[in-house]
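There are 2 protein chains.
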Amino acid sequence: MGEAIGSAKEAAGNELVVAFGRFLGAANRLEHVLGRAIEEACGISHLMFEVLLILARADEAGLPMRAISREQVLTTGGVTRLIDRMEAAGLVERGANPDDRRGRMVRLTAAGEAKAVEASRVHVENIRRYFLEPLPAEHHDVFAEDLRILSRSAGDAVGRLR
Amino acid sequence: MGEAIGSAKEAAGNELVVAFGRFLGAANRLEHVLGRAIEEACGISHLMFEVLLILARADEAGLPMRAISREQVLTTGGVTRLIDRMEAAGLVERGANPDDRRGRMVRLTAAGEAKAVEASRVHVENIRRYFLEPLPAEHHDVFAEDLRILSRSAGDAVGRLR
DNA sequence: AGGAAATATCTGACTACTCAGATACTGTTG
DNA sequence: CAACAGTATCTGAGTAGTCAGATATTTCCT
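So the sequences go chain by chain: A and B.
Oh and the first sequence: position 24 is 24 in UniProt numbering, straight run, nothing missing.
Oh and the second sequence: position 67 is 67 in UniProt numbering, straight run, nothing missing.
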C-alpha cells in the first residue's frame, strides 16, 4: 500500500485509488438511480426531495435559506434558484424572517408536505425492493451497521478535509 | 421499519430514508471534497481524473468513447464534450477505430499519463491523510472490507434498479 | 445482395449549477 | 453612534451536463 506511483498504469491500479473509486462510483450511481426513480414517479428532482425532507424535519416556522445550503452541497446562489423552482411548483413558500430582515424563511406548503410523504413512500419502496429484499434477512442488521460506520467515517473525513 | 408513512415529519424521520440519506450524502460530499482537492492541486476536474484512470488501465490502442460513457454516469453527448475539453487540454487524443469506422479511439497522450500519475499521488495522499490515518491501524482491514461489501451491494442494487 | 434496425458519435437547444459582484441588513468596535 | 467588517440573499455571466435529433456505419435478416 505504500509503494511509489511511477507509471499511469500503476496509478490506475493503486489499491486505494481503485477501492475508493469503486466505492464512490457505486454510491453515486445508487443515488443517481434512486433519484431518477423519484423523479419519474413524483415529478421532483433528487435535490428537491432532499429539501422537502430537510424542511419536514424543521418546525412550523421553517428554515432560513442558509440552513439549506449548509446541509446540501450547494452554493447559496444554487439554493436561491432551487427554492425559486420549488416555490413556482407550489411545494414551498418564502416568508419574512422576523429575527433577521436580510433573510427569508422557507417552509413547506400543504402540497409540499403531501409530496414529501409521497416521495418518501416511493423511495422506501425502491430501497426495500431492490436493495434490502435480495439480502438474506439476517444480513439486514449487518448491512445497516455498515451504513452507519461508513457514513460516520465519511462524514468525519469530510470534516477533516475542509 | 415497516410502518406506514403518514405525515411529512414521519417521512423525514423514517429509518431507511434517514440511513440512506446520510450514507449517500456522506459519500457524495466525500467525492465532492476529494474532487475539489484534485482540481485545485492539478487543474483537472474530477470526471477528467476518472477518465484518465480508465484510459490508463486500457492498452496502447486506447478505448472507444462508448466504453467511457459506460463506466461513468454520463450520456454519450456528455462524453463527447468531456473528451473535447480533455483533448483541448492536451491530455488525450482521438484516433480512428480500425474495427468500426463510426467510432473513434481515445488514448492518453504523454501529458495525460503524467497528469494521471500526478493526480493519483495527490488523491492517495489525501485519502491517507484525512481518511485512513485517523483510524487505528487495526481498523484498516475492517474498513477495506466494508468498502468492498458496500460497493458490491450498491452495484448489485443499481443493476436491479435499472 | 438489399434494406431495416441498431449503434457510435456529434450537435443545437435547454437546464441547473458555479462564481463573483450587488444589495441590504446586522453586529462590533473605537 | 459612526464606520466597517460580516452575513443573507439575489443576479448576470459562464460552464458542463441532459435530451433529442442528425449522420455515418455496421449488423442482421430474408
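Idealized CB from N, CA, C, for every residue including glycine.
A quick note: this is a predicted structure, and the numbers were derived from the prediction, not measured.
query: Residues of chain A with CB under 9 Å from B:V17, in chain order?
result: Residues of chain A with a Cβ closer than 9 Å to the Cβ of B:V17 are, in chain order, L53, S120, H123, V124, I127.
task: May I ask you to report which of helix, strand or coil DSSP gives A:M1?
output: Note that A:M1 has pLDDT 49, beneath the 50 cutoff, so the model's placement of it is unreliable and no number is given.
- prompt: Given A:L135, which residues of its chain have a CB within under 8 Å of its CB, disregarding the five upstream and five downstream residues?
  reply: Around A:L135: F143.
- request: Give the residues of chain B in contact with A:S151, contact being defined as C-beta atoms less than 7 Å apart.
  value: Taking a Cβ-Cβ cut-off of 7 Å, the neighbours of A:S151 in chain B comprise R22, F23, A26, given in sequence order.
message: I want to verify the contact list: residues of chain B whose CB lies under 7 Å from the CB of A:E31, in sequence order.
response: Going along chain B in sequence order, the residues near A:E31 (Cβ under 7 Å) are L24, N28.
- request: Tell me where the alpha helix (DSSP H) around B:L24 begins and ends.
  value: It spans 15–42 - the alpha helix (DSSP H) in which B:L24 sits, taken as one unbroken run.
- request: Quick one: which residues of the stretch 80–109 of chain A get their C-beta closer than 9 Å to a C-beta of chain B? List them in chain order.
  value: Answer set for the stretch 80–109 of chain A: L108.
message: Across the stretch 113–130 of chain A and the stretch 149–156 of chain A, are there enough close Cβ pairs to call them in contact, namely three or more that are closer than 8 Å?
response: Taking 8 Å as the limit for Cβ pairs, the verdict is that the stretch 149–156 of chain A does not touch the stretch 113–130 of chain A.
- prompt: Which of helix, strand or coil does DSSP assign to A:A114?
  reply: Secondary structure of A:A114 (DSSP, three-state): helix.
field: Closest Cα partner of B:A111 within the set B:L91, B:R102, B:R121
entry: Ranking the options by Cα distance to B:A111, first place goes to B:L91.
query: Do you know offhand how far B:A12's Cα is from A:R129's?
result: C-alpha of B:A12 to C-alpha of A:R129: approximately 19 Å in a straight line.
field: Residues that DSSP places opposite B:L63 in a beta bridge
entry: Its beta-bridge partners are B:V106.
field: Short CB-CB distance (under 8 Å) between B:R57 and chain A
entry: Judged by the 8 Å Cβ criterion, B:R57 is in contact with chain A.
task: Assign B:A61 to buried or exposed, taking buried as 16 or more other Cβ atoms, counted over all protein chains shown, within 10 Å of its Cβ.
output: So B:A61 counts as exposed.
task: Run the CB neighbour count on A:R102, radius 10 Å, all protein chains shown included, and call it buried at 16 or more, exposed below.
output: Exposed, because fewer than 16 other Cβ atoms sit within 10 Å of the Cβ of A:R102.
- prompt: Pick from B:E133, B:H123, B:E145: whose alpha carbon is nearest that of B:A37?
  reply: In terms of CA proximity to B:A37, B:H123 leads the group B:E133, B:H123, B:E145.
- prompt: For the putative contact between B:T76 and B:R66, defined by C-beta atoms under 8 Å, what is the C-beta separation to the nearest angstrom?
  reply: B:R66 and B:T76 do touch by the CB rule: their CB atoms are close to 7 Å apart, below 8 Å.
query: Taking the alpha-carbon positions, what's the B:A50 to A:D141 distance?
result: The sequence shown places Glu at residue 50 of chain B, not Ala. Cα to Cα, B:E50 sits roughly 33 Å from A:D141.
task: Please name the residue, chosen from A:A56, A:A26, A:F20, that lies closest to B:A8 on a Cα-to-Cα basis.
output: Of A:A56, A:A26, A:F20, the residue nearest in Cα terms is A:A56.
For A:L24 and B:L30, believed in contact at Cβ under 8 Å, the rounded distance: A Cβ-Cβ separation of about 7 Å places B:L30 in contact with A:L24 under the 8 Å criterion.
message: With H, G and I counted as helix, E and B as strand and the rest as coil, what does DSSP make of B:V73?
response: DSSP places B:V73 outside both helix and strand once states are collapsed to three, so it counts as coil.
- prompt: Does the separation of the CB atoms of B:L63 and B:V33 fall below 8 Å?
  reply: No, the pair does not count as a contact, with Cβ atoms beyond the cut-off.
message: For B:V18, tell me which candidate among A:I54, A:A27, A:L47, A:S69 has the shortest Cα-Cα distance.
response: Nearest option by C-alpha distance: A:I54.
- request: Pick helix, strand or coil for A:G159, following the three-state DSSP scheme.
  value: In the structure shown, A:G159 sits in a helix (DSSP, three-state: H, G or I).
- request: Would you tell me roughly how many angstroms separate the C-alpha atoms of B:F131 and B:A58, rounded to the nearest one?
  value: The alpha-carbon atoms of B:F131 and B:A58 are separated by roughly 29 Å.
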